[in-house]
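Presented below is the structure to which this report refers.
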Amino acid sequence: MGPLSRLARSVALTAGRPSGQQHAAGRTLRRRPEGRPTILLALILLLFAGVASATERPGVHAIASAHPLATAAGHEVLERGGNAFDAAIAVTAALGVVEPYGSGIGGGGFFLLHRAKDGFQTMLDGRETAPGAAHRDMYLDAQGDVIPNLSVDGPLSAGIPGTPAALVHLAERYGALPLADSLAPAVRLARDGFPVDAVYRRMANFRLPALNAHPEAARVLLYNGRVPAEGTIIRQPDLADTLERLGREGFEGFYGGELAERLVQGVREAGGIWTLEDLANYRVVEREPVRGEYRGYRITAASPPSSGGVALISILNQLSHYDLTALDRVTRTHLMVEAMRRAYRDRAEYLGDPDFVDMPLARLLSPDYAAGLRATIHPERATPSELLPVVLEPAPESEQTSHFSVLDAEGNRVAATITINYPFGSGFMPPGTGVLLNDEMDDFSAKPGVPNVYGLVGAEANAIAPNKRMLSSMTPAFVENDARLAILGTPGGSRIITMVLLGAMEFMEGGEAQAIVSLPRFHHQYLPDEIQFEVDAFDAATLQGLQSRGHSLAPQARRFGNMQAIVWDRRSGDVSAASDPRGIGEARKREINGQD
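Position one of the sequence shown corresponds to residue 3 (our numbering), numbered consecutively onward.
This is the structure:
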């Protein structure tokens, strides 16, 4: 029973009580004149008739993920009686098998959860942590300059993985099935294998030197040191054994015992700094999500150590003053870019791991603070980022990370963005484990003011420290009002936040799932001071108008992002799910009777 139905029933019960004193919440209420409860009931039913008729349960299962085999794994678990949280385990594990260039149990991520029975929401923080021996200057040479690629390639670039602990936590606290059952599809995929596709080949070619630098990764993921041909079956028996061990033994199956010893031995023999204590001390954390409002919609998104929710809401707060739908394309884009610029500037200065850094979150999320930022936006001229300050060279962007969205028939939902950072992570796999390690240490500020591999800069708030979680741009999000709900997110490095922004705004303007994931994209991240955009994002007149306002334009050769979205219309009961046409993913919904 939904809240409005409960309200109507409560009024009906009140109306049916005998005359005299009525008690509610420990207070004595004066007797009301006869007939007023009935009138009140009638008014409420009239006022809320449209909303009260809303569908309280979607009645279908829906999953959108970056790979068809992962989507199928999630539905398999739902059909076994699992809920959205069990499906999230299955999808996460399967993605780690079939798209090792984007995610895996050697990485981490954020899981935004909504439990239907009580409306409880939380963010499960499975972000990687720095090893205990990590230190602020570990990637600098004797002159204090950043050593190229040291925070990207090899075991020294790897943080302590959080994904395995997150999967155990999901099963123990929220799932309906044993962990082993939810991992079973991924175990089968790892043992039986999956066919190499064009995306795998492109990513493997991009990271071929890093993979070939480490024999175990090359043995498992390449073919005689070369990129496997399309259709080649990749089998990962060691990973299958590791997933089975995790399902059987839980946390200790990964972070303790024989597997932990293999992980640490492999890392240290190859020049890394992990210890058994680093693994044993890892803890997943439940954090309160970041929340905001924009023109009648509620936004719930990842909180620090993700910068995504804070930056997303900061941008929306700045834009809330404008009726963007009434503006011409150039002015609308100009204002959005200027809001992005300011939010990314604050990201660089203030945000980091909340367990290590005091952040002015209340101020950054405040509409009053946003009004101050908005006051600095010139309606006709771009603000040079160097006035905000810091200047640096642009850095390349790359596909990495993975996102999926899940909605089950009861209304439980998950938006999860998971990662090993750069394609194929560090390129390092400890022998006998099947675990491809992340290179998330690059997401720290190796040196304040110096960009990471995605061109993002950071200040002291995101400096390296032992056991600290590195700042992230991952932005799993829920956007909703009483009538409609969107579950969305995307990979894309520094562009994640602005892609989610554009998708959320498309949804709030009435867009369905397919429109949300297909929307052409543009981006500004403060530094480099340029608008990056897909070639079909702007027409010639818009480009000319932006240039005339002082914006530097940087068209991108390839389209970016891989958004996965689900939209539920609570009034009609319709559910739409869509996978980004830029990728190879699949979105599928299924009635609870098993019909697609």
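For every residue, glycine included, the Cβ atom is placed at its ideal position computed from N, Cα and C.
Between I149 and V198 the beta-carbon gap is near 33 angstroms, outside 8 angstroms, which marks them as no contact. For a cut-off of 8 angstroms, the C-beta gap from G298 to I315 is around 15 angstroms, too long to register as a contact.
The beta-bridge partner set that DSSP reports for V577 consists of W570.
With 16 or more other CB atoms across the displayed protein chains lying within 10 angstroms of its CB, A345 is buried. Put simply, the backbone Cα of G273 is about 13 angstroms away from that of P133. Listed in chain order, the non-local C-beta contacts of F509 below 7 angstroms within the same chain comprise V481, A488, I518 and V569, local neighbours out to five positions each way being set aside.
The continuous alpha helix (DSSP H) containing Y202 extends over residues A200 to F208. If you draw a straight line from the Cα of L548 to the Cα of A580, it is about 31 angstroms long. With the rule of 3 Cβ pairs closer than 8 angstroms, the segment 485-502 does not count as touching the segment 156-166.
Here the alpha carbon of V312 sits roughly 29 angstroms from the alpha carbon of N85. Here P157 is buried. Its C-beta has 16 or more other C-beta atoms within 10 Å. Around the CB of L389, fewer than 16 other CB atoms lie within 10 Å, so the residue is classed as exposed.
Under the 10 Å beta carbon count, R523 is surrounded by 16 or more other beta carbons and is classified as buried. Under the 10 Å beta carbon count, K119 is surrounded by fewer than 16 other beta carbons and is classified as exposed. In the DSSP assignment, S184 falls outside any beta strand (DSSP E) and within the unbroken alpha helix (DSSP H) covering L181 to D194.
The alpha-carbon of R209 is positioned some 13 angstroms away from that of P230. Under the three-state reduction of DSSP output, L375 falls in the helix class. Judged by pairs of C-beta atoms under 8 angstroms, the segment 67-85 touches the segment 403-422, as three or more such pairs exist. Residue pairing by DSSP leaves P60 without any beta bridge partner. Around the C-beta of E101, 16 or more other C-beta atoms lie within 10 Å, and the residue is accordingly described as buried.
Ranking L142, A589 and R129 by CA distance to the CA of F113 puts R129 first.
For L115, the enclosing beta strand (DSSP E) begins and ends at G110 to H116.
Around the Cβ of G587, a 10 Å sphere holds 16 or more other Cβ atoms; the residue is buried. Listed as beta-bridge partners of R592 by DSSP are H63. By the Cβ rule, the segment 372-388 does not count as touching the segment 465-484, because fewer than three pairs are nearer than 8 angstroms.
Contact annotation: R138 and I466 have beta-carbon atoms nearer than 7 angstroms.
Nearest to G109 by C-alpha distance, out of L375, N564, I422 and G563, is I422.
The three-state secondary structure of I466, taken from DSSP, is coil. Under the three-pair Cβ rule at 8 angstroms, the segment 523-540 counts as touching the segment 335-351. Counting along the chain, D127 sits inside no alpha helix (DSSP H); it lies in the beta strand (DSSP E) bounded by residues Q123 to G128. When DSSP assignments are scanned along the segment 233-314, the uninterrupted stretches of beta strand (DSSP E) that are 3 or more residues long and fall wholly within it turn out to be 287-289, 292-296 and 299-303. Judged by DSSP in its simplified three-state form, H323 adopts coil rather than helix or strand.
Just so you know, the alpha carbons of D355 and S428 end up roughly 22 angstroms apart.
In terms of Cα proximity to A136, the closest of D147, Q123, S153 and D127 is S153. Secondary structure at H336: helix, using DSSP grouped into helix, strand and coil. With contacts defined as CB atoms closer than 7 angstroms, G491 and T419 qualify as a contacting pair.
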